[in-house]
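Encoded as structure tokens, the structure appears first; notes follow it.
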């Protein structure tokens, strides 16, 4: 048992030496693997952050209520009072139609269009901040408000969260496709690296076979090479993502100051990091294994 | 130890390298295989080491039939054989010591025990002082001796040598034949292919002579 461990340890140290002998070529390979992995994993990290942000924002739902045109100020005051007294409503905000038009003019830059209007097409509106938070309660409140007279349109503003969720689903699929393609590329890279190694060590393999090496013995260093290269590639991807997030967070800080928020991009969790390393190691092994089983049997001593 | 029974070896294209060979080599025997080049000496050795398989007939090595040997069992057969090649087949990316170490690594020997054995083998062929040298820095005779050290470090019961003195002058040849003779004295079965007739006179041992693939 001790001998077996020693042999494996020896193979690993030989491979590390081999990697150090060609630092340039080895690091290029590892960086290529790192970049290939960092694209889908980086996409995954961004998606996860957007999802977190969406959850935060969707936590403060609003209901917009638009009044029928021509509602008199008395009626508006009555509705306002009724809304304030409603048990499910925390507070309300009245947006008169003239103010709404002005906001439209300023925020959308449609001033020319707005100036061309002979009359204000916008209704008076209330923005309602409900005390209830679950989507079921919100929908109940919305249906209740819909039954009131003079309230022409009631809009629950959490609909955008559903749209975002659909968009995120799309994003996840895109990341998944990207991950599948680039995993294939990673396997191909390892496959080729190992193929070249087998060709350059042809003599050694022949001699080893003549001396009585089993296929397992001959395969071992190549498989370890794939594993180690995959592991280092995964670590490179992790570093690339960590560095990119650092840069992005630095560039986010002036935005945070402007909006008085404390949003920052979260890095990969420990679980995700370990999964990344495990997955890249597995892909390295797979590429090496495919290459070895393709090429090794062709080398027979003559 | 080694038995050939009506062995034919035909290569694709119809060339017959060996024709109807039947002979036996007993345990501990030292046998010279002679004949002009192209007579089939190398092919015969390759059949014993299972590098080639016979077309018809049977080759038995230590009771195992080469023809029906599974490829997974092949390495274990070869561990019983010491092979000495005319072109040495040394690895130039490592020291003389590591070249001799290779068979022990393959068998998974204990590291410290291996180092002792490697030094003993190098000592036997007179290369102990050159253990750190790269084989490329050794002379032809020294390379051949290094190849022998690698072949015997595993203490094989059978030693096969293909033209071990092929490229050497007579002084080196005698040296190498003396080394082989010392293995014979400790009970190793030896089969040495050579076209050097003088070795036959200086050393005891039966001769098998091949001509156009047939035993004379």
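Protein chains in written order, with my numbering: chain A, 3 to 304; chain B, 44 to 259.
Where a beta carbon is used, it is the ideal one built from N, C-alpha and C, also for glycine.
Within-7 Å CB hit, residue i to chain A
i             : result
residue 132/B : yes
residue 191/B : no
residue 178/B : no
residue 118/B : yes
residue 94/B  : yes
According to DSSP, residues forming a beta bridge with residue i
i             : result
residue 126/B : 203/B
residue 132/A : 91/A
residue 50/B  : 64/B
residue 254/B : 257/B
residue 148/B : Note: residue 148/B sits in no beta bridge, so no partner.
residue 39/B  : Residue 39/B cannot be examined here, being either before or after the span of chain B that is shown, 44 to 259.
residue 156/A : 67/A
residue 97/A  : 127/A
residue 107/B : 104/B
residue 59/B  : 53/B
residue 236/B : 76/B, 205/B
residue 249/B : 74/B
Local Cβ density within 10 Å of residue i, reported as buried at 16 or more and exposed below that
i             : result
residue 6/A   : exposed
residue 216/B : buried
residue 57/A  : exposed
residue 95/B  : buried
residue 12/A  : exposed
residue 132/B : buried
residue 198/B : exposed
residue 46/A  : buried
residue 24/A  : exposed
residue 54/B  : exposed
residue 145/A : exposed
residue 245/A : exposed
residue 155/A : exposed
residue 199/A : buried
residue 186/A : exposed
residue 52/B  : buried
residue 43/A  : buried
residue 209/A : buried
Neighbour list for residue i in chain B, Cβ cutoff strictly below 7 Å
i             : result
residue 219/A : 149
residue 5/A   : 151, 153
residue 213/A : 121, 145, 146, 149
residue 206/A : 134
Residue i at chain B interface by Cβ criterion, 7 Å
i             : result
residue 192/A : no
residue 25/A  : no
residue 216/A : yes
residue 18/A  : no
residue 13/A  : no
residue 42/A  : no
residue 294/A : no
residue 47/A  : no
residue 223/A : no
residue 256/A : no
residue 209/A : yes
Within chain A, the residues that residue i reaches when beta carbons sit closer than 7 Å
i             : result
residue 154/B : 8
residue 126/B : 212
Within chain A, partners of residue i - CB distance below 8 Å
i             : result
residue 235/B : Those do not exist, as residue 235/B stays about 17 Å from chain A at its closest Cβ, beyond 8 Å.
Chain D contact for residue i (CB, 7 Å cutoff)
i             : result
residue 189/A : This model lacks chain D altogether, as its protein chains are A and B.
Within chain B, the residues that residue i reaches when beta carbons sit closer than 9 Å
i             : result
residue 171/A : In chain order: nothing, as chain B lies at least about 50 Å away.
Neighbour list for residue i in chain B, Cβ cutoff strictly below 8 Å
i             : result
residue 304/A : 94
Near the ligand MN: residue i beta-carbon under 6 Å from a heavy atom
i             : result
residue 298/A : Questions concerning the ligand MN fall outside what the structure shown contains, since it holds no ligand whatsoever.
Below 8 Å, can you find three or more Cβ-Cβ pairs linking the region 100 to 115 of chain B to the region 131 to 143 of chain B?
no
Would the region 151 to 166 of chain B and the region 254 to 269 of chain A be scored as touching if the rule is three or more Cβ pairs under 8 Å?
no
Could you say if the region 291 to 301 of chain A and the region 201 to 220 of chain B meet the contact criterion of at least three C-beta pairs nearer than 8 Å?
no
Please confirm if the region 47 to 67 of chain B is in contact with the region 229 to 246 of chain B, defined as three or more CB-CB distances below 8 Å between the two stretches.
no
Is the region 74 to 85 of chain A in contact with the region 33 to 43 of chain A, if contact means three or more CB pairs nearer than 8 Å?
no
Would you check if there are 3 or more beta carbon pairs closer than 8 Å linking the region 199 to 206 of chain B to the region 168 to 185 of chain B?
no
Taking contact to mean at least 3 C-beta pairs separated by less than 8 Å, is the region 263 to 272 of chain A in contact with the region 66 to 73 of chain B?
no
Is the region 182 to 199 of chain A in contact with the region 121 to 129 of chain B, if contact means three or more CB pairs nearer than 8 Å?
no
Check whether the region 98 to 110 of chain A touches the region 120 to 139 of chain A, taking contact to mean three or more Cβ pairs, one atom from each stretch, closer than 8 Å.
yes
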